[in-house]
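Numbering (my numbering), first residue to last: 76 to 302.
Just so it is clear, CB atoms sit at the ideal spot from N, CA and C, and this is done for glycine as well.
To keep things clear, I will list the structure first and then write my remarks on it.
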Amino acid sequence: MERRILLVEDEPGLVMTLGDRLRNEGHHVESAGDGQTGLEMASNGAIDLIILDVMLPRKNGMDVCRDLRQRGISTPVLMLTARGQTVDKVVGLKIGADDYMTKPFEMIELLARVEALLRRAPSFGNAGDVYQLGSIHIDLRRTEVSRHGKPVTLSAKEFQLLRYLVEHRGTTVSRETLLSEVWGYGGVTSSRTVDVHVAWLRQKLEEDPRQPQWILTVHGLGYKLSG
76 MERRILLVED EPGLVMTLGD RLRNEGHHVE SAGDGQTGLE MASNGAIDLI
126 ILDVMLPRKN GMDVCRDLRQ RGISTPVLML TARGQTVDKV VGLKIGADDY
176 MTKPFEMIEL LARVEALLRR APSFGNAGDV YQLGSIHIDL RRTEVSRHGK
226 PVTLSAKEFQ LLRYLVEHRG TTVSRETLLS EVWGYGGVTS SRTVDVHVAW
276 LRQKLEEDPR QPQWILTVHG LGYKLSG
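Below, the structure written as structure tokens:
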């Protein structure tokens, strides 16, 4: 199964070599050349693994990892550094990195570490029913939702609506379909019911409910969860 890997690295040669190798292993790879861009990409997308260099322009890898964890983002992080001091490894692990490799490294060892981290990481849409949307963490099995690491309280219908959108992520779903699948109609005939519940979800989950990033309106058609 294809997993999404974010490579935050400012050495073009390593980005090309490592990116190509990971793609050959069947993964989808995105890259960022500086720490600030990497932080934004990791915060705003459904990423399964982050490979993060320590020495980066704009924001160093240690700060990126710390900021991700403070935002409640639990995506596994494999840190890379050209420095071999033990203190760097200790600091990296203390701020939330999951593994650590020093350059230069053997590609086969890095790939083994990547696969080990991916086996432990829930992927978006996997059977584990655990999903990450930026700072939003959704556990369908436990019916738990958190944002920036803090629990979000949803009504039963709000959670059922979110579940349906999550399970059909990237697909535009009509109001009529949502009324049928989430509400079972049950005498409800107005699509306004759907609109109101979507608005409530946005208030609880979006950074800016007026300009939603995740629960999008497809004008004239319905709604979809960004993906």
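With DSSP run on the structure shown, which of helix, strand or coil describes residue i?
{"i": "H294", "result": "coil"}
{"i": "D174", "result": "strand"}
{"i": "A202", "result": "Reliability of the predicted coordinates at A202 is poor, the pLDDT of 43 falling under 50, and the value obtained from them is presented with this limitation in mind. In this structure, A202 counts as coil in the three-state DSSP scheme."}
{"i": "R79", "result": "strand"}
{"i": "I148", "result": "coil"}
{"i": "L131", "result": "coil"}
{"i": "V257", "result": "coil"}
{"i": "I125", "result": "strand"}
{"i": "E282", "result": "coil"}
{"i": "E100", "result": "coil"}
{"i": "E184", "result": "helix"}
{"i": "H243", "result": "coil"}
{"i": "M91", "result": "helix"}
Report the CB separation of residue i from residue j in whole angstroms; it is logged as a contact under 8 angstroms.
{"i": "G136", "j": "V83", "result": "7 angstroms"}
{"i": "L131", "j": "G101", "result": "That pair is no contact at about 27 angstroms."}
{"i": "Q288", "j": "N119", "result": "7 angstroms"}
{"i": "K279", "j": "V241", "result": "Not a contact, Cβ separation roughly 15 angstroms."}
{"i": "H272", "j": "E219", "result": "At roughly 19 angstroms, the Cβ-Cβ gap does not stay under 8 angstroms, so H272 and E219 are not in contact."}
{"i": "V129", "j": "T92", "result": "Not really, about 18 angstroms apart at Cβ, beyond 8 angstroms."}
{"i": "V257", "j": "L236", "result": "5 angstroms"}
{"i": "R96", "j": "L186", "result": "7 angstroms"}
{"i": "R244", "j": "L300", "result": "5 angstroms"}
{"i": "R217", "j": "I170", "result": "Not a contact, Cβ separation roughly 27 angstroms."}
Is it buried or exposed, residue i, if we count other Cβ atoms within 10 angstroms and call 16 or more buried?
{"i": "H380", "result": "Not covered by the structure: residue 380. The range shown for the chain is 76 to 302."}
{"i": "I183", "result": "exposed"}
{"i": "G297", "result": "buried"}
{"i": "S255", "result": "exposed"}
{"i": "H103", "result": "exposed"}
{"i": "G113", "result": "buried"}
{"i": "F106", "result": "Here residue 106 turns out to be Ser, not Phe, going by the sequence shown. Looking at its Cβ environment, which holds 16 or more other Cβ atoms inside 10 Å, S106 is buried."}
{"i": "G209", "result": "buried"}
{"i": "R277", "result": "buried"}
{"i": "D174", "result": "buried"}
{"i": "A231", "result": "exposed"}
{"i": "A274", "result": "exposed"}
{"i": "R78", "result": "buried"}
{"i": "A202", "result": "Caution applies to A202, whose pLDDT of 43 falls short of 50 and renders its modelled position unreliable; the model cannot decide the point."}
Going by the DSSP bridge assignment, what does residue i pair with across the sheet?
{"i": "P226", "result": "S221"}
{"i": "T156", "result": "T177"}
{"i": "Q207", "result": "H212"}
{"i": "S106", "result": "L82"}
{"i": "L300", "result": "I290"}
{"i": "V248", "result": "Y298"}
Touch check for the segment 120-130 and the segment 138-157: three-plus C-beta pairs under 8 angstroms? yes
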